[in-house]
Structures are given as structure tokens and as C-alpha cells.
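**Student:** First, the structure itself, so that you have it in front of you.
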Amino acid sequence: MAVEMTRLVFSLLLCLLWNAFAAQASWSFQLTDVTCYDPTSKAPSGITCNCTGGAVNCSYRGLTSVPRESFDASITSLDLHANVISDLPDSSFVRFVNLRVLDLSQNSISSLNAHSFGGLRSLTTLNLNSNMLQMFNANFPPNVFRPLITLETLLLNNNSLNVSDPAMNYPDQVLSVLTSLKTLYLDGLQNKVLGPGFLNLTSLTNLILSGYYGLCQIKSLTSETFENVPYLHFLDISNCSLQEKNVSHEAFVVFTNLVTLNISDNEDLGIEAVGEIMRGLKEKATLRELSMRLVVNQYSMGICLSTSLVKFFPKHLQILDAQENNFIAYSSRIIETFLDLTYLDLSGNRFIFGKYLKSLKDLTNLKHLILSGSNFVYNLPSDFPQSKKLTLDSANLCDVTGNDLYDTSPFSFPLPPNLEKLEVNKADLQYRLTQFTVGANKLKTLSLANNTFPSLVGPIHGLDELEVLDLSFNYIEFISDEFFDTLSTLKKLNISNNLLGSFLSVLVSPRIFSALRNLTVLDLSENFIIDFTCDLFSNLTSLEYFNISKNALIRFEVDISRMSNLIFLDFHLTRMTGLTSEFRDSIDRLLSNKRNVSIDMSNAPISCNCKNYDFMTWMTSSKAFSQGFKNYICVYPDQTGHVVNDDFEEDMNLLNHQCASNVLLFSMIAIAMIVVVGAVAGGIVYKYRWKLRYLYNAAYLQFKSSRRGEDDEFDYDAFISYDQEDGVFVTQTLVPELEKREIHLCIHASEFTAGEYISSNIVKAVNRSRKTVVVLTQNMLSSYWCNFEIQMANMEALHTGRRVLVFLLVDNIPTKDLGLELLYYIRSNTYIPFPEDFRDTNGMSWLWDKVANDIRND
């Protein structure tokens with residue numbers, strides 16, 4: 083109310099100031115002198131409006147009245163919204179007999195005149211939204227809408243300052259002449275009925291009283307509220323402060339053709355009242371879409387949906403939105419009420435796991451299911467929060483039995499058999515995605531964004547037709563080799579906004595994406611990526627859109643030669659300064675094959691120097707880059723830079739001059755240096771030719787004597803490096819398993835010589851063993867002697883030229899805890915991850931076979 087009063091006062095003040103100023107200056111034109119012009123040409127004096135064909139846009143022009151004579155009478159659309167028009171004199175639009183759309187919203191109109199709309203016999207849409215047309219009889223003359231014989235849509239919402247004023251009434255008699263009206267927007271008045279004049283509106287099918295489009299405080303619904311609008315197909319009374327105690331179960335009995343009903347955001351209504359008011363629609367069998375989001379107080383106790391609560395719901399519903407209602411479970415028997423559903427949104431509820439969830443498979447017509455978390459943010463309560471005023475028994479009334487909740491069979495997530503899209507976003511799921519199975523389905527889109535899945539282990543069985551997978555914003559740090567193996571049908575994969583940077587650049591296997599041969603879209607943006615292994619994406623031969631933007635990527639050396647379908651590569655907001663010649667050759671081949679390929683390197687620090695000259699020459703001439711180079715950045719050798727605004731023309735002219743001079747200078751210097759170095763080297767070789775021969779032969783003989791010969795020269799197959807805290811695992815598990823496979827082991831507890839220095843024992847053990855197996859655990863990270871053993875094994879490898887180290891990764895240690903040096907050793911040598919499930923007999927047997935095989939082989 084305060085905002086509307088302020089706007090009214092401001093409008094009146096503006097009018098007074100304008101009239102005073104115009105009179106003082108004796109200007110020759112009024113504010114309504116409006117010229118319609120082509121916006122690309124120079125605007126003439128006076129107020130200007132945009133004109134396109136028969137449509138005129140005069141919005142936001144500060145107009146105080148309707149420009150009557152400024153436009154051609156044949157225009158079909160006139161937009162006057164967001165001005166300061168306060169009055170519509172008679173015959174304001176009488177010239178515009180062809181006008182079909184008139185927008186007068188967001189003005190200061192407080193009343194209408196009897197002939198304000200005279201002559202508008204072709205008008206189909208009239209927008210009076212957000213004015214000051216309060217629903218008092220004096221503001222709506224009896225025949226004001228009579229000329230509008232073709233009007234189909236009327237917006238009168240967001241006009242009432244106080245919808246609780248008892249003096250207000252719906253202007254039913256004034257509106258009764260609009261026999262062609264199909265859609266009507268009104269503010270919802272408190273405890274008022276839609277009067278008998280609405281019975282004449284036989285074409286009215288859509289009525290919107292929602293508080294989201296204007297003001298609504300209906301609060302009560304009686305059997306008389308809608309008795310004069312029986313023809314409705316669509317009714318929106320969302321956010322109207324409906325109260326359970328004031329709602330009659332006969333409120334909707336009058337509707338014989340209602341298809342869509344929105345009663346959302348009436349949190350004082352309650353699920354029991356919703357069930358009761360469905361009574362009047364149950365037998366009509368016309369309702370197909372019901373939105374009942376937040377019809378339960380958000381502080382209510384958890385509600386279990388029983389058959390008694392939904393017994394009056396129409397059985398032919400196809401679309402149901404029941405978000406934010408504190409549902410925690412449901413009786414599996416209610417499913418038979420909703421067998422026709424094709425779309426179901428249960429986001430923001432708090433369902434607990436239970437056997438009853440398996441009944442979802444009975445929704446055989448369901449195509450789209452949403453089980454996401456809350457998408458809404460609420461204000462803090464003004465009063466101390468109260469739970470819904472229900473008795474304990476009624477609040478938790480449910481015919482769920484123990485058999486509905488408890489099940490001892492292996493976990494398998496049930497899905498409706500024909501479901502095509504499942505959304506479980508922002509649902510506060512916190513799991514390692516280990517192996518699991520999904521019931522029979524035809525799922526094509528799965529969205530799991532905004533949860534917490536740090537490890538993608540898998541594999542996931544049952545998603546045999548999945549095409550779109552969204553795993554963005556999930557704190558993912560690890561992906562196993564097997565996770566995507568069962569998802570070969572994927573076409574779009576979004577794993578953006580995760581934490582894959584360290585993993586992809588250090589420990590990643592090229593097998594991770596190898597199964598995704600049908601993938602067309604891959605989004606890896608915002609993952610803190612610095613580098614890739616070069617063959618990581620080698621099997622993505624169908625890829626079309628590749629997004630690695632907003633990463634700290636310095637270079638991109640990935641082989642794209644097999645990606646013959648590429649359309650778009652997004653490198654914007656990376657740290658890349660250029661692209662390799664191999665990459666450029668691959669893009670040129672695609673372009674030569676008449677492929678439309680686009681590259682975006684905007685906001686990346688492109689090096690404008692002679693070293694990068696070839697790339698810049700290619701970039702500025704390639705069809706892969708859009709002309710204009712908007713938001714491209716050129717960085718000079720002194721690290722200064724600028725945003726390019728001339729297609730790199732000035733920068734290339736500068737480089738053409740600098741680099742041409744530098745090439746000649748560098749060539750002369752290089753030739754001179756080669757001559758000098760050659761002469762000096764020749765003199766040294768000639769002078770010391772006999773001594774060099776001696777040193778060479780001595781080094782060769784020493785090298786041969788230090789090389790290991792045949793396998794039988796080693797005393798042990800492997801030396802086991804481990805921390806004392808892990809002794810039980812080593813002695814009781816690792817040693818017996820490897821000795822069963824005929825591996826002869828050196829264990830410091832039994833093989834080290836007493837009385838000799840520990841360091842000497844370690845060096846001998848490493849030297850006398852074919853391999854050193856490092857049992858990598860959290861305990862080992864802080865052990866001095868374990869670190870010493872790894873260092874000695876690495877020196878042995880450098881000295882002998884053979885592969886010595888084998889890492890057995892027993893604990894799942896975060897990358898940040900390993901340190902750069904240990905990460906380097908792991909990446910440069912053989913490493914074997916310990917299975918996630920040590921109870922998996924086949925997996926453990928495979929592990930020990932793998933360890934034994936790696937020990938035997940060089």
C-alpha cells in the first residue's frame with residue numbers, strides 16, 4: 083500500500099511540475115506530440131516511439147496522456163506501459179479501429195470514463211495491470227467495456243491497495259458485456275463472491291486470482307464463491323491465504339469442465355482440506371492438472387499420505403505438483419489413485435527410505451518424476467513457529483504397515499517402467515556412488531545436481547537407455563575406471579562445478595571415458611583443472627560440444643584428431659595463451675571437410691609475442707573464431723595487456739614488424755653461435771681425444787658391472803615397505819596371499835640383520851629384491867623410515883635403469899595429503915588401488931594375482 087501511495091503522489095507531483103514548466107516556457111508542442119520513427123535513424127525532436135510494422139512501442143517515455151493523433155490509424159498494437167498516464171478521456175482510442183493489443187499497465191490510472199475505449203471494436207487484449215483501478219463501482223462506469231466486442235484477454239490485477247476493504251466488489255455487471263472474454267486476471271477480494279454478472283461470460287475459461295500476479299486475500303471458499311463461473315477450464319487461486327476452517331468441500335462442485343487447478347502456496351489450507359475440496363471434482367473426471375505446492379505449513383509435523391487423505395482426488399490426474407508439503411511417506415495403496423499421472427513433482431518433501439517406494443513402478447504412465455530438494459527460500463517467521471494445527475493422530479494418519487517400510491532384499495531403486503526423466507537435484511544426498519542397480523526403466527534423462535557425491539565408483543546397472551546425465555555441483559574428486567562402463571548410451575554429460583582438477587591431471591586413467599562413444603556434449607567447466615593426460619578423451623569420437631571453460635588450464639594438448647563431429651570448443655576464462663600446431667591442424671581438417679567449428683577463447687590471456695606469432699596468425703584468419711573477438715584479451719611480454727576491440731589488427735601489425743626483424747637477427751646470432759661452439763668443441767675433442775676415449779670405456783665397464791643380469795641374481799622377489807601400525811595386515815593377509823602365489827618376500831621384521839644400521843639393512847633389502855612393494859596407508863605418510871625406503875628404491879631404479887617401485891593403495895587418501903613428490907612417484911611407477919569392497923572374493927583374488935604378476939614382470 084505504501085508503494086502505491088508513493089507512486090500516486092509522485093505522479094501527481096510530476097504532472098503539476100510539468101504543467102507549470104510548460105506554461106513558463108510557452109513550448110509549441112504538448113507531451114503527447116509523439117513521432118514514430120525507425121530506431122536506426124536519427125530521432126526527430128519531441129517524444130519518439132519505436133515502430134515495427136503495425137506495432138508501436140511507447141513504453142517508458144514519461145507520457146502523461148494518450149498520444150491520439152501521432153500514429154497511423156491502422157496500427158494493430160500499442161504499448162504504453164510504464165508511463166505516468168492517469169486519465170483515459172472519452173474517445174482516447176477512437177481512431178484505432180484495427181487495434182488488437184493495448185498495453186496500459188504500470189501507469190497511474192485510477193478510474194475509467196464511460197467512453198474511454200470507444201472505437202476499439204477489434205481489440206482482443208487489454209492490459210490494465212498495475213494501475214490504481216481499485217474495485218469500487220465509481221471507478222468502472224456501467225458501459226465502459228461495451229465497445230470491446232472482440233476482447234478475449236483482460237488484465238485488471240495488481241490494482242487494489244487493500245483487497246480486505248469490505249466496500250470492494252468484483253465488477254461483475256460492468257464485465258458482463260464481454261461475451262467474448264476467455265482470460266481474466268483479477269485481484270482476489272477477501273470473503274467476496276463472483277457476482278451474477280459473470281454468468282454472461284460464457285466464453286470465460288481462464289480465471290487468475292493469484293497473489294503472485296497481483297493481490298489476493300480470498301481466505302474463504304464457499305459453495306457460492308464460484309457458482310457464477312461454471313464454465314472455467316483453468317483456475318489459479320495460488321497464494322491467496324486460504325484457510326482450512328473457511329473452506330467448504332462444496333466450493334468446486336459447480337465446475338463441470340475444470341481441467342487445471344492451482345491452489346499452491348496456501349500453507350494454512352492443509353492437506354486434509356485439499357482432500358475434502360477435491361470432493362466436488364472427483365466425479366466430474368475432467369481435472370487433469372493440479373498444483374498444490376506448499377499447502378501445508380512449513381513447520382508442520384511430517385505427514386504420511388494415507389488412502390483417506392486422497393480418496394476424493396480425481397483418478398484421471400495427469401500432472402501433479404505437490405512440492406514442499408512435509409510428506410515423509412505414503413501408503414503404497416494410494417498409487418491406484420494416480421495411475422494416469424505423466425508428471426509428478428514431489429520436491430522439497432522429506433521422504434524416508436522404505437519398501438513402499440517400490441510401488442513407484444506401478445505408475446506405468448509416468449514420464450517425468452522430480453524428487454529434488456527445496457527450491458524455495460522462506461522468510462523468518464514473524465511469530466514463534468507453530469506446527470500445523472492437527473491432532474497427533476491426524477497429522478500422522480497413515481495406513482503404512484511395517485511391511486511397507488522394511489525390506490531385507492538387496493537394494494534396488496525402483497522406477498516407473500516408462501519414466502523418461504528423473505530429477506533429484508539439491509536433495510541433500512551425501513553418498514559415494516558405489517555399485518547399485520536401478521529397476522527396469524526407459525529413463526533417458528537423470529539429473530543429480532547440487533548434492534554431495536565425492537567419489538563416482540559404480541558401476542550403475544539398469545540405465546540402459548540413459549542419454550543425459552547431470553552430476554554438476556557435487557564436490558566430485560574421484561571417478562573410477564568402471565563408473566561409465568555401463569552408460570554407453572550417454573549423449574550429454576555434465577560434470578561441471580566439481581573438484582576434479584587434481585584427479586584428472588595426476589591419477590587419471592585414460593579408460594574413464596572410453597565407453598562413452600556416443601557422447602556428443604561434455605561439460606567439465608569450473609573443475610579447477612590445470613592439465614589433462616593427452617589421451618583422456620581419445621575415444622570420444624562422437625563429441626560435438628566440449629566445454630572446459632572457467633578452469634586454470636594453461637595448455638590443451640589433447641588429441642582431437644578423431645573427433646570428426648566437433649562443433650564447439652569452449653576455452654573461455656581459462657589461462658590458455660594459445661593452441662598447439664597439432665590442435666590447429668585438426669581444426670583445419672575439420673573446416674576443410676565443411677564442418678562448422680567454433681572456438682571460444684574469450685577472457686583468456688592470449689600471448690601477443692613473437693613466440694606465439696604462428697597461433698595468432700592462424701587465429702585471426704581461421705573461420706573457427708567469430709569476427710570481432712569480443713572480450714578477447716591480448717597480453718604483452720611485460721605482462722601488460724588490453725581488451726581487443728579491432729579484431730587484433732593493431733596487435734598483428736605490431737607483431738609483423740617486430741617478429742620479421744627478430745627472425746633475421748636471431749638467425750644471424752644462431753649461425754654465429756653454431757660456428758663458435760663447433761670450433762671450440764672440435765678443439766677440445768681433438769686435444770683430449772685419448773682421455774675422452776679412456777673415460778668412456780671406464781664408464782661403460784663400470785655401468786656393465788653394476789647392471790643386474792638374470793632373475794636368479796636376486797635373493798627376493800619383493801621387499802615389503804610398510805608402517806609398523808599396518809603389521810597385522812601385512813603379516814596376516816598380504817604375506818600369506820603372495821606366498822601362496824610363490825612370491826619370495828623380504829620382511830624387515832624377520833630378514834633384517836641384528837646389530838646393523840637400519841639404513842644399511844634397507845639399502846641391502848632394496849638392492850637384493852627384484853621389486854619394492856609400498857603398502858600405502860595413512861600411517862605410512864608420517865613414517866620417516868618408510869619414506870627412506872621409498873627414496874632408496876627410487877635411487878635403485880635410477881641407478882640400474884629397471885622399474886623397482888610398486889604401490890599398493892590400501893587407504894583412500896585425499897590427493898592433497900599425498901604431497902607432490904609422492905604423487906610423482908605414484909604416477910611414474912606401477913600402482914594398484916585396493917578394492918572398495920574387501921569382502922568381494924573375486925575382486926580380492928584379482929588384486930593379489932595382479933600384485934604377484936607386477937612383481938614378476940619388469
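FYI, the working numbering numbers position 681 of the sequence shown as 763, with every residue one higher than the one before it. Every residue gets a Cβ at the ideal spot worked out from N, C-alpha and C, and that includes glycine.
1) From Asn447, Asp563 and Ile636, pick the residue whose C-alpha is nearest to that of Leu525; which is it?
2) Unbroken beta strand (DSSP E) runs of length 3 or more, entirely within the segment 247-319: which are they?
3) I need the boundaries of the beta strand (DSSP E) containing Lys574, first residue and last residue.
4) How would you call Cys716, buried or exposed, if buried means at least 16 neighbouring beta carbons within 10 angstroms?
5) Kindly indicate the opening and closing residues of the alpha helix (DSSP H) around Tyr798.
6) Could you work out which residue in Leu160, Leu145 and Arg150 is closest to Ala137 when comparing CA atoms only?
7) For the beta strand (DSSP E) containing Asp682, list its first residue and its last residue.
8) Give me the DSSP bridge partner(s) of Tyr412.
9) Where are the beta strand (DSSP E) runs, 3 residues long or more, that stay fully inside the segment 617-656, in chain order?
10) Alpha carbons only, please: which of Ala164, Asn195 and Asn165 is nearest the one belonging to Phe175?
11) For a test of the three-state rule: what should DSSP assign to Ser927, helix, strand or coil?
12) Under the assumption that Asp422 contacts His398 (Cβ atoms under 8 Å), give the Cβ distance between them as a whole number of angstroms.
13) Quick check: the segment 672-690 against the segment 634-654, are at least 3 beta-carbon pairs closer than 8 Å?
14) Can you name, in chain order, every residue of its own chain whose Cβ lies under 6 Å from the Cβ of His163, other than the five neighbours on each side?
15) Would Ile157 be called buried (16 or more neighbouring beta carbons within 10 Å of its own) or exposed?
16) Rounded to a whole number of angstroms, what is the C-alpha to C-alpha distance between Ser77 and Ala875?
17) Take Asn221 as the anchor and find which of Leu208, Leu351, Thr261 and Leu170 has the nearest alpha-carbon.
18) Under the rule that 16 or more other beta-carbon atoms within 10 Å means buried, what is Asp269, buried or exposed?
19) Could you tell me which residues DSSP puts in a beta bridge with Leu891?
20) Excluding the 5 residues flanking Ser584 on each side, which residues of the same chain have their C-beta closer than 6 Å to its C-beta?
21) Touch check for the segment 330-343 and the segment 308-321: three-plus C-beta pairs under 8 Å?
22) Quickly, what does DSSP pair Ile967 with across the bridge? List them, please.
23) Report back the beta-carbon spacing between Ile561 and Ile611 to the nearest angstrom; my notes put them in contact at under 8 Å.
24) Taking the alpha-carbon of Leu548 as reference, which of Thr571, Asp172, Leu372 and Leu387 has the nearest alpha-carbon?
25) Below 8 Å on the Cβ atoms is my contact criterion, and I expect Asn685 with Leu655 to pass it. Report the Cβ-Cβ distance as a whole number of Å.
26) Which of helix, strand or coil does DSSP assign to His163?
27) Output the distance between the C-alpha atoms of Thr419 and Ser454, rounded to the nearest integer angstrom.
28) Contact check, Leu737 vs Cys690 under 8 Å by CB: the rounded distance?
29) Whose C-beta lies closer than 7 Å to the C-beta of Ser787 among residues of the same chain, with five residues either side of it excluded?
30) Is it the case that the segment 221-237 contacts the segment 254-273, given that we only count it when at least three CB pairs across the two stretches are under 8 Å?
31) Which residue marks the beginning of the beta strand (DSSP E) containing Glu371, and which one marks its end?
32) Would Tyr313 count as contacting chain C if we go by Cβ distances under 8 Å?
33) Below 6 Å CB to CB, which residues in the same chain sit around Cys828 once its five sequence neighbours on both sides are set aside?
34) How big is the Cα-Cα spacing for Cys386 and Leu538?
35) Within its chain, find whatever has a CB closer than 7 Å to the CB of Asn735; leave out the 5 residues flanking it on each side and keep chain order.
36) If I measure Cβ to Cβ from Leu900 and keep anything under 8 Å in the same chain, skipping five residues before and after, which residues do I get?
**Tutor:** The short version:
1) Asn447
2) 265-267, 288-290 and 316-318
3) Lys574 to Asn576
4) buried
5) Premise fails: Tyr798 lies in the beta strand (DSSP E), Tyr798 to Ser803, not in any alpha helix (DSSP H).
6) Leu160
7) Ser680 to Asp682
8) Leu387
9) 627-629 and 650-652
10) Asn195
11) helix
12) 5 Å
13) yes
14) Ser141, Asp185, Ser187 and Gln188
15) buried
16) With the chain represented from 83 up to 940, any question about residue 77 goes unanswered, as that position is not in the structure.
17) Leu170
18) buried
19) Leu858 and Pro915
20) Thr897
21) yes
22) No answer is possible for residue 967: the residues shown for the chain start at 83 and end at 940.
23) That pair is no contact at about 13 Å.
24) Thr571
25) 5 Å
26) coil
27) 23 Å
28) 7 Å
29) Only weak support exists for where Ser787 lies, its pLDDT of 44 falling under 50; the coordinates are left without a value.
30) yes
31) Glu371 to Ser373
32) Protein chains in the displayed structure number just one, and chain C is not present.
33) Tyr798, Phe801, Ala847 and Ser851
34) 33 Å
35) none
36) Leu863 and Ile908
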